[in-house]
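Okay, so the sequence shown: first residue is 84 according to our numbering, each after it adds one. Quick reminder that beta carbons are idealized off the backbone N, C-alpha and C, glycines included. Quick caveat: nothing in here was measured; it's all calculated off a predicted structure. Input: a single structure, listed below in C-alpha cells.
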Amino acid sequence: MTLDELKNECETCRKCELCESRNNIVFGFGNPNADIMLIGEAPGENEDLSGMPFVGRSGKLLDEFLNSVGLDRNENVYIANMLKCRPPKNRDPKPFEQDLCIDWLKKQIEIVSPKIIVCVGRISAQRMIGKSFKVTVQHGEFVDIDGILYTGTYHPAAILRNIHNKPYALKDWKIIKQKAVELGMRD
Ligand code: URA
Numbered sequence: 084m085t086l087d088e089l090k091n092e093c094e095t096c097r098k099c100e101l102c103e104s105r106n107n108i109v110f111g112f113g114n115p116n117a118d119i120m121l122i123g124e125a126p127g128e129n130e131d132l133s134g135m136p137f138v139g140r141s142g143k144l145l146d147e148f149l150n151s152v153g154l155d156r157n158e159n160v161y162i163a164n165m166l167k168c169r170p171p172k173n174r175d176p177k178p179f180e181q182d183l184c185i186d187w188l189k190k191q192i193e194i195v196s197p198k199i200i201v202c203v204g205r206i207s208a209q210r211m212i213g214k215s216f217k218v219t220v221q222h223g224e225f226v227d228i229d230g231i232l233y234t235g236t237y238h239p240a241a242i243l244r245n246i247h248n249k250p251y252a253l254k255d256w257k258i259i260k261q262k263a264v265e266l267g268m269r270d
C-alpha cells in the first residue's frame, strides 16, 4: 500500500467524533522515503484548514530548527501527527482518541520505514517512546524500539511559550542530524 492509498482511506475515517468538526484530515507531509520521520501531536486551526501539518507559528519554528541543520521538510523528512483530526480548541488529544487513531500512524511508519523517529513534544514522546519519557529531561536521547531509533524533543509551541529553551531544541536537532549522518542517511 502507498501513502496516498492510506491517506484516501483515512479521509473517510469516522472512528471518533473529531471527524464531525474537521475541515480536513491532516495526514502527513514530506518525503515518503525519508530516513527521519517527525511525529507531532495533533492539527491546530491552520493545519485543519489547510490539511498540512505544522503550518502555523509552530510550523515556522519547526522549519527553522530543520533548516538550522540543513534539513528541509520537502526533501529530508516526513511529518505526521498522533491525531489526524483537530481536537476542539486545540485541547490535548485524549488517550482513547490516540488509541483509535494510532493504526494510521503505525501504517505510515511501516510504509515510510524511517531510521529515526523524532517525537515532537510530550504527547507524542510518551505515547511512542514510553509513558515515563520526560521531554524536559531526556530530550535528545535515543531509544531503540524494534530497530528504529526514537528520540524526543521540545514541541515548538512549548518553545514559543518559553523561548529560553530554544537553544536546547537547536542542540537536539544537531544531535538528530549527526545520528542520521552516522547511520548513512540517504541524502
Ligand atoms: N502542532 C502539532 O503537534 N502538529 C501540527 O501539525 C501542528 C501543531
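- Scanning Lys260, Cys93, Asn164, His247 for the CA closest to the CA of Ala208 turns up Asn164.
- Of the other Cβ atoms in all chains shown, fewer than 16 fall within 10 Å of the Cβ of Arg140; this residue is therefore exposed.
- In the DSSP assignment, Phe112 forms a beta bridge with Ile162.
- Contact between Val218 and Arg205 holds, with the beta-carbon distance rounding to 5 Å and staying under 8 Å.
- Its Cα nearest to that of Lys177, the residue Ala125 stands out among Val195, Lys257, Leu188, Ala125.
- The nearest non-hydrogen atom of the ligand URA is 7 Å or more from the C-beta of Glu158.
- With a cut-off of 7 Å, the C-beta of Gly113 is classified as distant from the ligand URA, since no heavy atom of the ligand falls inside that distance.
- In this structure, the straight-line span from the alpha carbon of Ser104 to that of Glu94 is close to 13 Å.
- Judged by DSSP in its simplified three-state form, Cys202 adopts strand.
- Straight-line spacing of the CA atoms in Arg174 and Leu154 works out to 30 Å.
- When DSSP states are grouped into helix, strand and coil, Leu154 belongs to the coil group.
- Cβ-Cβ separation between Phe225 and Tyr233: approximately 7 Å, consistent with a contact (criterion under 8 Å).
- In this structure, Gly123 has its beta carbon less than 7 Å from a heavy atom of the ligand URA.
- If you look at Tyr233, you'll find it in the beta strand (DSSP E) that goes 231-236.
- Membership of Val226 in the beta strand (DSSP E) is indicated by the continuous run 225-228.
- Take the alpha-carbon of Leu166 and the one of Glu265: they are about 31 Å apart.
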